[in-house]
Amino acid sequence: MIRQLREDERAVSISVGFILTLSITIITMVVVISSFYTMMDRAEQTVMRDEFEIHGNDMALQISNIDTAVQITRNSGGEIGSFYFILPLPDEIAGQQYSVELSNQTNEIIFESHGKYATRVKVPYTVHETEVESVRLYSGSNEFILHYDPASNMIKID
Amino acid sequence: MALIIVIGVIVFTVQATSLTPLTSSTANAHIEAQLQILGQDMLTVLDHSKSGQNSSLKEDILNWDGEKYTWNSTEYVSQNNNILLNSSTSDLLKAVIVPKGIAHNVEFCIINDGGTTTTLPYIYNGEPSDNAVIVSRRVLLSNSDIQDIPLFRSETGIYDADTSTDFYNLIDVKMTLWRM
Amino acid sequence: MKKMDESGQIILIAAFIIGIGIVVLTVMLNNIVYASNTASESSIETNVFDYSNVVQTTTEAYEKAYNGSNYGNNSVIFNAYMENYSEKMVRSYSLSGFIFSLENDTLQDAYFTENGLADGNDDWVVIERVNSTDSFLLDKLNVSSLGNESNKFVIEVNNHSGSKQWSASVYNSSGTITISVSNQTTSIGNYTSASGFINTTENQFRFLDNTAGQTYTIKFINGSHSMGTFRIAGKLVNGNDFHIERVHIVNSTMKLNKNGHLEINSTIPITLPKGHI
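Protein chains in written order, with my numbering: chain A, 1 to 158; chain B, 1001 to 1180; chain C, 2001 to 2277.
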């Protein structure tokens, strides 16, 4: 019986076999490659979040540096004329534009890439003697300058 | 044939994996940042002047006898076998840095009239490695701070930059820290 | 043989897919690790430490320069010291990558505010935790710069629980400098000063009687209503001596600029001969 089945070559067509093999191969490749794209996108988001966190921490450090310098000057009875710091933020992170937002209410720096909520990173900062102006900026051709405005006792970024 | 290609692909991917940067370079950046903050904090504490008197760092410079001290696992000893006593810098280093196994140098730098620098070692423990961190603090010396000016000049080598005023010199205290 | 060849094609394709997949994954991993590396090597900022160092040494330089110049009268010596200091600082900081510059105004007369300027803090604590005062002098009081009785400049001495031990109000009463002294219960008396000089530890003011054996705090109130100089010296509770003296103030402007991407610019009025404790 089994021998008969093994040597039974009725309804065997090479083209059908070939088409089946080809379609299975194509379907497998499409599934595998599309899963790779999803994985790449997620990895890209992880990279973006990491970089945002690093840049955010750098910015928070600069903000508290400005705050400390204002406090030192006030303790000596003086006044700061100007304090500005050019932030080395890149134009694009992971190949896409992003936005930086300083929030006065929640004391956070918020980074977001292209409106994608999944890449949103919030880094908290603290200031004691000064205040920070809430603003939202987009990366691009301008440099980000973090500066202190003595008239309004605010740290601004533009 | 297929086996050869499969093996070839596997060899290629294994070789590609070793192209990633080694994680030790990440560790270096963090360690350098830590050492920098540690050094800055130490110098800030040493240079704090209380009640308007000279800070501990300035007193150490004024009391320096010009010799180069090296750590010999119990004391700071110079080549003439003098032990560094009465120095807040050495006390602080002994208490904080030596237990952590961080190697350190403390040098005083002065700028000559021609613009070149003279580096005078205070504590010297060898050439620093590649990942060393230097923190610096400027200290001002005036003629009125120094009790015996010719003695100070001959012992330490720090000279009076302007003999017509009370200004003696500006010293840049450089502390180099590195992990062995 | 044909079957074996066809089976071999699938193994081939699968091998290629696995190979490409692993390479792609490896490259992505590479990017992640590399990106974390480069971003975390962002600069370690020491500019606040440098700034506080500059403020501290510049204040000390002004004080030393002033001490050698006969209370500011010998401006040649004062300026010579500051020139030397400024030049050495510029050179020293240029080796660290900073551009440093220092400018100052002329020496000015001071108000009794916290920083000596007319718009400074009116009410401030001059010195606290005082055990004993050896000298407390006020000088160069001027009728034209003193307020009248409703705008008087007050020196108040409180003990450690905050209750007033002694106070003196200095004001312009129709052209004369009047000092009205009182302790916590009664008024001690009204005195005048023709020369603009007041030695607070004199017997008539009863300063030492009312503050003996206590730990006290000296406060200035309404400091902007009077110009003048003062000197207070004595011992603190912890045994250290203290000495605050203000004869002139100088507005000093310091600038630190690093690589063009950081600039700090501030103006500090420095009390001379000795301001801070």
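For every residue, glycine included, the Cβ atom is placed at its ideal position computed from N, Cα and C. Bear in mind the structure is a predicted one, so any value in this text is a computation, not a measurement.
{"Item": "Could you tell me the distance, in whole angstroms, from the CA atom of C:Gly2162 to the CA atom of C:Val2181?", "Value": "18 Å"}
{"Item": "What would DSSP say about C:Asp2123, mapped onto helix, strand or coil?", "Value": "coil"}
{"Item": "Thinking just about the alpha-carbon of each residue, which of C:Asp2134, C:Gly2021, C:Ile2017 is nearest to the one in C:Thr2201?", "Value": "C:Asp2134"}
{"Item": "Distance cutoff 8 Å, beta carbons only. Does C:His2160 sit that close to anything in chain B?", "Value": "no"}
{"Item": "C:Phe2098 by DSSP, collapsed to three states: which one?", "Value": "strand"}
{"Item": "Is C:Val2125 close to chain A? Criterion is C-beta to C-beta, closer than 8 Å.", "Value": "no"}
{"Item": "Can you tell me whether B:Asp1047 is buried or exposed, with buried defined as 16 or more other CB within 10 angstroms of its CB?", "Value": "buried"}
{"Item": "Report the three-state DSSP secondary structure of A:Val132 (helix, strand or coil).", "Value": "strand"}
{"Item": "Kindly indicate which three-state DSSP category B:Lys1094 falls into: helix, strand or coil?", "Value": "helix"}
{"Item": "What does B:Gln1079 touch in chain C if you count any residue whose Cβ is under 7 Å from its own?", "Value": "By Cβ distance, chain C contributes nothing, its closest Cβ being about 29 Å from B:Gln1079, past 7 Å."}
{"Item": "For C:Glu2060, which residues in chain B fall below 7 Å Cβ to Cβ?", "Value": "Leu1140"}
{"Item": "Rounded to whole angstroms, how far is the Cβ of C:Leu2272 from the Cβ of C:Glu2045, which I believe are closer than 8 Å?", "Value": "The Cβ separation is near 32 Å, so there is no contact."}
{"Item": "Under the assumption that C:Ser2226 contacts C:Leu2137 (Cβ atoms under 8 Å), give the Cβ distance between them as a whole number of angstroms.", "Value": "Not a contact, Cβ separation roughly 15 Å."}
{"Item": "Which residues bound the alpha helix (DSSP H) around C:Gln2165?", "Value": "Segment 2164 to 2173 is the beta strand (DSSP E) holding C:Gln2165; no alpha helix (DSSP H) there."}
{"Item": "Can you check the region 2208 to 2269 of chain C for any beta strand (DSSP E) of at least 3 residues that lies completely inside it and give the ranges in chain order?", "Value": "2216 to 2221, 2229 to 2236, 2241 to 2258"}
{"Item": "Going by alpha carbons, who is nearest to A:Thr73 out of A:Glu129, A:Ile155, A:Ser15?", "Value": "A:Glu129"}
{"Item": "Relative to chain C, which residues along the region 1125 to 1137 of chain B have a C-beta separation below 8 Å, given in chain order?", "Value": "Val1135, Ser1136, Arg1137"}
{"Item": "If I measure Cβ to Cβ from B:Arg1153 and keep anything under 8 Å in the same chain, skipping five residues before and after, which residues do I get?", "Value": "Tyr1159, Asp1160"}
{"Item": "Anything in the region 2261 to 2273 of chain C with a Cβ closer than 9 Å to a Cβ of chain F? List those residues in chain order, please.", "Value": "Of the chains in the structure shown, none is chain F; the protein chains are A, B and C."}
{"Item": "With a Cβ-Cβ cutoff of 8 Å, do B:Ser1087 and B:Asp1060 count as a contact?", "Value": "yes"}
{"Item": "If the criterion is Cβ atoms closer than 8 Å, does the pair A:Gly81 and C:Ser2101 meet it?", "Value": "no"}
{"Item": "In chain C, which residues lie less than 7 Å from A:Glu170 when you measure between Cβ atoms?", "Value": "Outside the modelled stretch of chain A, which goes from 1 to 158, sits residue 170 of chain A, for which no answer is possible."}
{"Item": "Tell me the residue span of the alpha helix (DSSP H) that contains C:Lys2140.", "Value": "Here C:Lys2140 belongs to no alpha helix (DSSP H), and DSSP marks it neither H nor E."}
{"Item": "8 Å is my cut-off, CB to CB: does C:Val2143 come that close to chain A?", "Value": "no"}
{"Item": "Secondary structure at C:Leu2025, three-state DSSP: helix, strand or coil?", "Value": "helix"}
{"Item": "List, in chain order, every chain B residue whose beta-carbon is nearer than 8 Å to that of C:Gly2068.", "Value": "Ser1144, Thr1165, Asp1166"}
{"Item": "Over what stretch of residues does the alpha helix (DSSP H) that includes C:Asn2053 continue unbroken?", "Value": "2047 to 2067"}
{"Item": "C:Arg2246 and C:Phe2230: beta carbons closer than 8 Å?", "Value": "yes"}
{"Item": "Do B:Gly1052 and C:His2160 have their CB atoms nearer than 8 Å?", "Value": "no"}
{"Item": "Using CA atoms only, rank isn't needed, just tell me which of B:Ser1164, B:Leu1085, B:Cys1109, B:Gly1126 is closest to B:Thr1074.", "Value": "B:Leu1085"}
{"Item": "Does any residue of chain C bring its CB to less than 8 Å from the CB of A:Ile155?", "Value": "no"}
{"Item": "Are the C-beta of C:Ser2092 and some C-beta of chain B separated by less than 8 Å?", "Value": "yes"}
{"Item": "Indicate the three-state DSSP secondary structure (helix, strand or coil) for B:Lys1068 in the structure shown.", "Value": "coil"}
{"Item": "Take the Cβ of B:Gly1039 as the centre, count every other Cβ of all protein chains shown within 10 Å, and call the residue buried at 16 or more, exposed below.", "Value": "buried"}
{"Item": "Name the chain C residues that come within less than 9 Å of A:Ile2, Cβ to Cβ?", "Value": "Result: empty, since nearest Cβ-Cβ is about 18 Å, beyond 9 Å."}
{"Item": "Along chain B, which residues have their Cβ under 9 Å away from the Cβ of C:Ala2110?", "Value": "Under the 9 Å cutoff, chain B gives no residues; its nearest Cβ is about 18 Å from C:Ala2110."}
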